[in-house]
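Protein sequences appear in the order of chains D and V. Oh and the first sequence: position 133 is 131 in our numbering, straight run, nothing missing. Oh and the second sequence: position 219 is 277 in our numbering, straight run, nothing missing.
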Amino acid sequence: MATISVPNPVPSAIEDAEKLRKAFQGWGTDEKAMIAVLAHRDVAQRKQIKIVYEEQYKEKLLKRIESEISGHFERAVYRWFFDPVERQAIMANIAIKNKVVDFPVIIEIACVNSSNELLAVKQVYQSLYKHSMEEDVASHTTGDFRKLLFALIGTYRYDGDEINTELAKTEAKILNDAITKGEFNNDEIIRILSTRSKAQLLATFNCYKDAHNLSITKALSSKTPNDFVIALRAAIRCMTTPTKYFEKVLRDTLQKSGIDEDTLTRVIVMHAEKDLKEIKELFQTRANMTLEQAVAKKTSGDYKNFLLALIGN
Amino acid sequence: MADETLSLKKAFSGHGGFGVDETTMAAMVAKWRKQPDQKSRFRNDFSGFFTNIGSIEKCEDDYLLRLKTEFSRFKNIMVLWLMHPWERDARWMHHVMHKSYPFTVIVEIACTRTSEELLGAKRAYQALFNHSVEEDVAYHIKESYSKLLVGLVSSFRYEGPQVDNEMAKWEAKALGNAIKSGGSGKLIQNEEVIRILTTRSKRHLKATFKHYKELHGKPIEEDLGANLCLQETVKCIDKPAKYFSEAINTAFKEGADKPSKLSLTRVIISRADVDMEEIKETYHKQFGVKLEDMITKNTHGHYKDTLLTLIGK
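Following this line, the structure appears as structure tokens:
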């Protein structure tokens, strides 16, 4: 469930556009007013505000926002503004064009979405960047990472519930053979993870657990943690237990020393309208503090206020 | 009587021809009504089809099978004609999994359909077979060209007008290097070759192939060695009309095998509403004879009539 709160009754788009305009004018920016509007409107409302603002004031809203604010706050607001499909396309592009491809972003997008949701992201990506996501991922990665990411992002999985138990057993065995030999970049692992339907994969992982008394992600983590194995585990967890996966990502970034704002922003912005409530609840039981407390401890200023507003403070 | 026998023999001829002459057969039924001796004389006269065992003339099993195939050519083409193109493509691809069709059919479908058409075919495949085509190709096809096929069938290419010419030149060089360094056995599994051929847009690839020719003085097909999969891929992307015209020609060759003959139906049905005019022109230029003449000469009955109508005679 979403965590953002929208006032009832919600002001009209014209009122909101005016408020934003006022926030931009004069010396400095009224960030609190910005947050009060933007963090408390849903996708459709934000879209309307943009249309009305641009008609009324004859300038691009996002460009204005970018010029008024900066740093982590600006990045968070920018990413928040779009609808989920366009947002994911934009974040995928940012991840790809990074000096080193930010593979968790690609894996999350490829593995959490349903086949048709992923397809929608790819279509928007094409219209925005005049390239297919597959060609960009492939041309910016090499070796094993390319094999894995390209396979995960390129596939159009069967979305149904039909599973083949015999096949699940066989493929659980294939996975086990590869894991015991330490051949994580093995073609069969990639084939199974990237082409089988999620229902079939769940069945396969269950067979694996039954046969070895160990979940496949645990089996993978007991080996030396190189980036590729981390990527494999992320893919598996995104496909099978996404809430737990995102909770762990949040907890890791909020509890370790230092902080990775990009990751924090990404998870909160991408889930505030989706399932951040469940992630929050799980976080609280695992971290012994609320998500709000953890975020308030590690961040400051407008960035902190924006995140807290999205988390549902 | 001799004439009638001859024309009836021809009408029933399953050898080398495409289809049977239903009209002549129906006329014979009328002519030889209530004349079992005529039929008996015919059976004795037609030694390829019938052998004497004891007091009856038995059909040769082999001939019967061939004859059934010839009768079904018309049935098949009608059923295919009625089907939705996506379902057709899905069923043809499925045949490849079970080895009754050559793998080049997958290359053909993956590379000559538009991104939307290929996506439709993939959806139809899932609805029909409860598997994604990617998972089936990855699972059933284990030959060296498997990676290329999976890549081709997963593709969702950008179809817009934008082409990065510098990148196309660079990739033409990269292809040249890959060709120089690997033997043709390794070429089909070369990462860069697969990446370029399976992710780039068709416009981009056409530009790349053009640059290759300028750089090396000859078209890339000539440097791909005996690698059928790569050859077909390049041809389908760069010059589909030529590919189809050659597929038709192979079907008409002396001693053509069953799958080659089946490609006549497949090509004409799948291209009738798309680029048949261009294919006819290309065929005429390449082989010095009009397609309608080849069809008239080599095919029979309702099957022939349907083909001629489809190519827009």
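Backbone N, C-alpha and C fix where the C-beta goes; we use that ideal spot for every residue, glycine too. Just so you know, these numbers come straight off a predicted model, no measurement behind them.
TODO: List in chain order: all unbroken alpha helix (DSSP H) runs of 4+ residues lying wholly within the region 96 to 148 of chain V.
DONE: 119 to 140
TODO: State buried or exposed for D/R73, treating a residue as buried only when at least 16 other CB atoms are found within 10 Å of its CB.
DONE: If you number the first sequence from 1, residue 73 of chain D lands on position 75. With 16 or more other Cβ atoms within 10 Å, it is buried.
- [ ] Could you check which residue in V/R258, V/S318, V/M151, V/L349 has the C-alpha nearest to that of D/D134?
- [x] By one-based count along the first sequence, residue 134 of chain D stands at place 136. Comparing Cα-Cα distances from D/D134 to each of V/R258, V/S318, V/M151, V/L349, the minimum goes to V/R258.
TODO: Determine which residues share a DSSP beta bridge with D/T263 and list them.
DONE: If you number the first sequence from 1, residue 263 of chain D lands on position 265. According to DSSP, which records beta bridges pairwise, D/T263 is partnered with nothing at all.
Task: Unbroken alpha helix (DSSP H) run spanning V/H360, endpoints - done: For this step, residue 360 of chain V is matched to residue 302 along the second sequence. It spans 359 to 368 - the alpha helix (DSSP H) in which V/H360 sits, taken as one unbroken run.
- [ ] Below 7 Å between beta carbons is the criterion; list the residues of the region 114 to 134 of chain D that meet it against any residue of chain V, in chain order.
- [x] K120, Q124, K128, H129, S130, E132, E133
Open item on the list: Quick check on this structure: which residue in V/D315, V/F70, V/W144 has the alpha carbon closest to the alpha carbon of V/Y159?
Closed with: Working through the second sequence from its first residue, we reach residue 159 of chain V at position 101. When only C-alpha atoms are compared, the closest one is V/D315.
Task: Sequence-distant residues of its chain with Cβ nearer than 7 Å to D/Q54 (five each side left out) - done: As a working note, residue 54 of chain D is residue 56 in the first sequence. The answer, listed in chain order, is A15.
Open item on the list: Nearest by alpha-carbon distance to D/I12: which of D/V35, D/E64, D/D185, D/T283 is it?
Closed with: Counting from one through the first sequence, the residue named residue 12 of chain D turns up at place 14. Considering only alpha carbons, the answer is D/V35.
Open item on the list: By DSSP's criteria, V/F76 is part of a beta bridge. Which residues make up the other side?
Closed with: As a working note, residue 76 of chain V is residue 18 in the second sequence. Looking at the DSSP assignment, V/F76 forms a beta bridge with V/T357.
Open item on the list: Cβ closer than 7 Å: which chain V residues qualify as neighbours of D/A136?
Closed with: Residue mapping note: residue 136 of chain D aligns to position 138 of the first sequence, counting from 1. What D/A136 touches in chain V: R253, T257.
TODO: Please report the Cβ distance between V/A230 and V/T266, rounded to the nearest whole angstrom; I am assuming they are in contact, meaning their Cβ atoms lie under 8 Å.
DONE: Taking the first residue of the second sequence as position 1, residue 230 of chain V is located at position 172. Taking the first residue of the second sequence as position 1, residue 266 of chain V is located at position 208. Rounded, the Cβ-Cβ distance is 5 Å, consistent with contact.
TODO: Check whether the Cβ atoms of V/T357 and V/F70 sit closer than 8 Å, and answer yes or no.
DONE: For the purposes of this step, residue 357 of chain V is taken as residue 299 along the second sequence, with counting starting at 1. For the purposes of this step, residue 70 of chain V is taken as residue 12 along the second sequence, with counting starting at 1. No.
Task: Selection from V/S98, V/F132, V/H269 that minimises the alpha carbon distance to V/I114 - done: In the second sequence, the residue the question calls residue 114 of chain V occupies position 56. Cα-wise, what sits closest to V/I114 is V/S98.
TODO: Output the distance between the C-alpha atoms of D/K275 and D/L59, rounded to the nearest integer angstrom.
DONE: Residue 275 of chain D sits at position 277 when you count from the first residue of the first sequence. Residue 59 of chain D sits at position 61 when you count from the first residue of the first sequence. So the two alpha carbons sit approximately 29 Å from each other.
- [ ] Under the assumption that V/D79 contacts V/G359 (Cβ atoms under 8 Å), give the Cβ distance between them as a whole number of angstroms.
- [x] Position 21 of the second sequence holds residue 79 of chain V. Position 301 of the second sequence holds residue 359 of chain V. Their Cβ separation, rounded to whole angstroms, is 5 Å, which keeps V/D79 and V/G359 in contact under 8 Å.
TODO: Alpha carbon to alpha carbon, how far is D/I107 from D/A31? Give it in angstroms, no decimals.
DONE: Indexing the first sequence from 1 puts residue 31 of chain D at position 33. Indexing the first sequence from 1 puts residue 107 of chain D at position 109. Roughly 32 Å separates the two Cα atoms.
- [ ] Using a Cβ cut-off of 9 Å, pull out every chain V residue sitting near D/Y55, in sequence order please.
- [x] Numbered from 1 along the first sequence, position 57 holds the residue referred to as residue 55 of chain D. Within 9 Å Cβ-Cβ: nothing; D/Y55 doesn't reach chain V, min ~31 Å.
TODO: Measure the C-alpha to C-alpha separation of D/N183 and D/D142 and round it to an integer number of angstroms.
DONE: On the first sequence, residue 183 of chain D is found 185 positions in, with the first residue counted as 1. On the first sequence, residue 142 of chain D is found 144 positions in, with the first residue counted as 1. Whole-angstrom Cα-Cα distance: 6 Å.
- [ ] List the residues of chain V whose Cβ lies closer than 7 Å to the Cβ of D/T193, in chain order.
- [x] For the purposes of this step, residue 193 of chain D is taken as residue 195 along the first sequence, with counting starting at 1. In chain order: S190, E192, E193, A196.
Task: D/Y156: contacting residues in chain V (beta-carbon distance under 8 Å) - done: In the first sequence, the residue the question calls residue 156 of chain D occupies position 158. Per Cβ cutoff of 8 Å: Q184, N188, H189, S190, E193.
Task: Short CB-CB distance (under 8 Å) between V/Q247 and chain D - done: As a first step, residue 247 of chain V must be located in the second sequence, where it is residue number 189. Output row for V/Q247: interface = no.
Open item on the list: Spatial neighbours of D/T139 within its chain, please: C-beta separation below 6 Å, excluding the five flanking residues on both sides.
Closed with: For this step, residue 139 of chain D is matched to residue 141 along the first sequence. Taken in chain order, the residues that qualify are V99, L147.
Open item on the list: Taking the alpha helix (DSSP H) that D/A118 belongs to, which residues open and close that run?
Closed with: As a working mapping, residue 118 of chain D is identified with position 120 in the first sequence. Its alpha helix (DSSP H) spans residues 113 to 127.
Open item on the list: Under 7 Å: does the beta carbon of D/I266 sit that close to some heavy atom of the ligand ATP?
Closed with: The ligand content of the structure shown is nil, which means the ligand ATP is not present either.
- [ ] Identify, in the order they occur along the chain, each residue of the same chain with its Cβ nearer than 7 Å to the Cβ of V/Q240, setting aside the five sequence neighbours on each side.
- [x] Your numbering for residue 240 of chain V matches position 182 in the second sequence. The displayed chain sequence assigns Gly, not Gln, to residue 240 of chain V. Correct list, in chain order: N248.
TODO: Measure the CB-CB distance between V/A168 and V/L176 and report whether it falls below 8 Å.
DONE: Along the second sequence, read from residue 1 onward, the residue named residue 168 of chain V stands at position 110. Along the second sequence, read from residue 1 onward, the residue named residue 176 of chain V stands at position 118. Contact: yes.
Open item on the list: So V/K180 contacts chain D; which residues on that side make the cut at Cβ distance below 9 Å?
Closed with: Translated into the one-based positions of the second sequence, residue 180 of chain V becomes position 122. Correct list: Y154.
TODO: Can you tell me which of V/S173, V/G275, V/L288 puts its alpha carbon nearest to the alpha carbon of V/R261?
DONE: Counting from 1 along the second sequence, the entry for residue 261 of chain V is found at position 203. Comparing Cα-Cα distances from V/R261 to each of V/S173, V/G275, V/L288, the minimum goes to V/S173.
Open item on the list: Out of V/L322, V/T340, V/V191, which one is the CA nearest neighbour of V/L366?
Closed with: Taking the second sequence and counting its residues from 1, the one referred to as residue 366 of chain V is at position 308. V/L366 has its Cα closest to that of V/L322, out of V/L322, V/T340, V/V191.
Open item on the list: On the DSSP letters alone, give me the boundaries of the alpha helix (DSSP H) that V/L282 sits inside.
Closed with: Looking up residue 282 of chain V in the second sequence gives position 224. Run containing V/L282: none; DSSP gives neither H nor E here.
TODO: Give the interface partners of D/R19 over in chain V, defined as CB-CB distance under 9 Å, in chain order.
DONE: Residue 19 of chain D sits at position 21 when you count from the first residue of the first sequence. What D/R19 touches in chain V: nothing, since even the nearest Cβ is about 35 Å away.
Open item on the list: Counting only Cβ pairs nearer than 9 Å, list the residues of chain D close to V/Y203.
Closed with: Reading the second sequence from its first residue, position 145 is the one you call residue 203 of chain V. What V/Y203 touches in chain D: nothing, since even the nearest Cβ is about 14 Å away.
Open item on the list: Tell me the rounded alpha-carbon separation between D/K45 and D/P240.
Closed with: Within the first sequence, the letter at position 47 stands for residue 45 of chain D. Within the first sequence, the letter at position 242 stands for residue 240 of chain D. Straight-line Cα distance between these residues: approximately 28 Å.
TODO: Just the C-alpha distance for V/K200 and V/N285, rounded to the nearest angstrom, thanks.
DONE: Locating residue 200 of chain V in the second sequence gives position 142, counting from the first residue. Locating residue 285 of chain V in the second sequence gives position 227, counting from the first residue. If I take the Cα positions, the gap works out to 16 Å.
Open item on the list: Given this structure, state the Cα-to-Cα distance separating D/K296 from D/I277, to the nearest angstrom.
Closed with: The residue labelled residue 296 of chain D in the question sits at position 298 within the first sequence. The residue labelled residue 277 of chain D in the question sits at position 279 within the first sequence. Approximately 18 Å between the Cα atoms of the pair.
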